[in-house]
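Asker: Below you'll find the structure I mean.
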Amino acid sequence: MIPYHKIQTIYKRNDKGKILVGEYSLPEIEYLKDNQWQWREKLDGTNIRIGHTPAFMVPDSIQNSFEIKGRTNKAIVPKHLLEGIQKLNLTTSLLETFPKTQVTLYGEGIGPKIQKRGKFYRDDHSFVLFDVKIGSFWLKQQDVEHVAAKLGIDYAPIIGTGTIAEAIALVSNTNGIPSALGQSWNRPNFQAEGLICVPQVRLFDGTGKRIITKIKRVDFFCE
Numbered sequence: 001m002i003p004y005h006k007i008q009t010i011y012k013r014n015d016k017g018k019i020l021v022g023e024y025s026l027p028e029i030e031y032l033k034d035n036q037w038q039w040r041e042k043l044d045g046t047n048i049r050i051g052h053t054p055a056f057m058v059p060d061s062i063q064n065s066f067e068i069k070g071r072t073n074k075a076i077v078p079k080h081l082l083e084g085i086q087k088l089n090l091t092t093s094l095l096e097t098f099p100k101t102q103v104t105l106y107g108e109g110i111g112p113k114i115q116k117r118g119k120f121y122r123d124d125h126s127f128v129l130f131d132v133k134i135g136s137f138w139l140k141q142q143d144v145e146h147v148a149a150k151l152g153i154d155y156a157p158i159i160g161t162g163t164i165a166e167a168i169a170l171v172s173n174t175n176g177i178p179s180a181l182g183q184s185w186n187r188p189n190f191q192a193e194g195l196i197c198v199p200q201v202r203l204f205d206g207t208g209k210r211i212i213t214k215i216k217r218v219d220f221f222c223e
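Sequential numbering of the sequence shown, starting at 1, is according to the numbering used here.
See the structure below:
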């Protein structure tokens, strides 16, 4: 499984880690800033990859491959989180949904003792889907939501659409953004960590990397 790509913060940072407002981290983002972007809730958890490969796609294999990994191949998935993910029974549902296709689910492991906001989402541990890769092809957001529904798992909700300036204004507002995921679990009293933004029309840079950026509330407020 290929690790999930790095998502650049909207602005560059100084040597102290503070954002430099107005200095975009990538020229592509600055060029596209006035176009329409789709905003997804940024979750405060740990990056998790779940991969499924049918046996016939692996030389000399007689078993389907199912893997649960962290951000990198060396990352250790905490035992309590791993047990929470295993309870979702994705081994069976992935085989039923993608019997002849290699698929990688990218998402966030959340729950108590996972990052600062993990305890706010829910009392147990689980996996929330935010991206799906079929072979080398990234699914559109509406298809990601369809996959989540088929597998019976949660997904990072869409907050809205608009320009980058509008997204920054929303995140940097003192009232913040109530976590839509928290609300779906009857946990309405905390703010979303920020937004993940992608152009309404999927675009890639000259090296084939996706155009995608993140705007974090903590970069505007000390929390």
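Just so you know, even glycine gets a beta-carbon here, dropped at the ideal spot from N, CA and C.
Check the DSSP bridge columns for T213 and list the partner residues they point to.
Answerer: Bridge partners of T213: Q8, C197.
Asker: CA-CA distance, Q183 and E67?
Answerer: When rounded, the distance between both Cα atoms is 30 Å.
Asker: To the nearest angstrom, how far is it from the Cα of V21 to the Cα of I29?
Answerer: Distance between the alpha carbons of V21 and I29: 14 Å.
Asker: Suppose the cutoff is 7 Å on Cβ atoms and the five residues either side in sequence are ignored; what does the same chain contact list for I177 look like?
Answerer: Closer than 7 Å at the Cβ level, and outside the excluded window around I177, lie I159, L170, V171, Q191, A192.
Asker: Within a Cβ cutoff of 6 Å, which residues of the same chain sit near Y108, ignoring the five residues on either side of it in sequence?
Answerer: In the sequence as presented, Tyr is not what sits at residue 108; that position holds Glu. Correct list, in chain order: L43, G45, V128.
Asker: Taking buried to mean at least 16 other C-beta atoms within 10 Å of its own C-beta, is H125 buried or exposed?
Answerer: With 16 or more Cβ atoms within 10 Å of its Cβ, H125 is classed as buried.
Asker: Rounded to the nearest angstrom, how far is the Cβ of R40 from that of I196, given a contact under 8 Å?
Answerer: R40 to I196, Cβ: 4 Å. Contact.
Asker: Ignore the nearest five residues each way along the sequence and tell me which others in L151's own chain have a CB closer than 6 Å to its CB.
Answerer: The residues are S93.
Asker: Between R13 and the rest of its own chain, which residues show a CB-CB distance below 7 Å, the 5 nearest in sequence each way excluded?
Answerer: Same-chain partners within the cutoff: I19, L20.
Asker: Given T207, which residues of its chain have a CB within under 6 Å of its CB, disregarding the five upstream and five downstream residues?
Answerer: Counting only Cβ-Cβ distances below 6 Å, and skipping sequence neighbours, we find nothing.
Asker: With C-beta atoms as the reference, is I211 less than 9 Å away from I10?
Answerer: Against a cut-off of 9 Å, the Cβ pair of I10 and I211 comes out as no contact.
Asker: Indicate whether R117 and S179 have their beta-carbon atoms separated by less than 9 Å.
Answerer: In contact: R117 and S179 (Cβ atoms closer than 9 Å).
Asker: Output needed for K113: all residues of its chain with C-beta closer than 8 Å, excluding positions within five of it in sequence on either side, in chain order.
Answerer: Contacts found: P78, H80, K119.
Asker: Consult DSSP for V103 and reduce its assignment to one of helix, strand or coil.
Answerer: Strand, per DSSP.
Asker: Would you list, in sequence order, the uninterrupted beta strand (DSSP E) runs of no fewer than 3 residues that lie entirely inside the region 47-87?
Answerer: Entirely contained in the region 47-87, the beta strand (DSSP E) runs reaching 3 residues are, in chain order, 65-69.
Asker: Considering Cα atoms alone, identify which of N173, V198, V201 is closest to R217.
Answerer: Here the closest residue by C-alpha is N173.
Asker: Just reading off the beta strand (DSSP E) that I158 is part of, what are its end residues?
Answerer: Per DSSP, I158 belongs to the beta strand (DSSP E) from 158-162.
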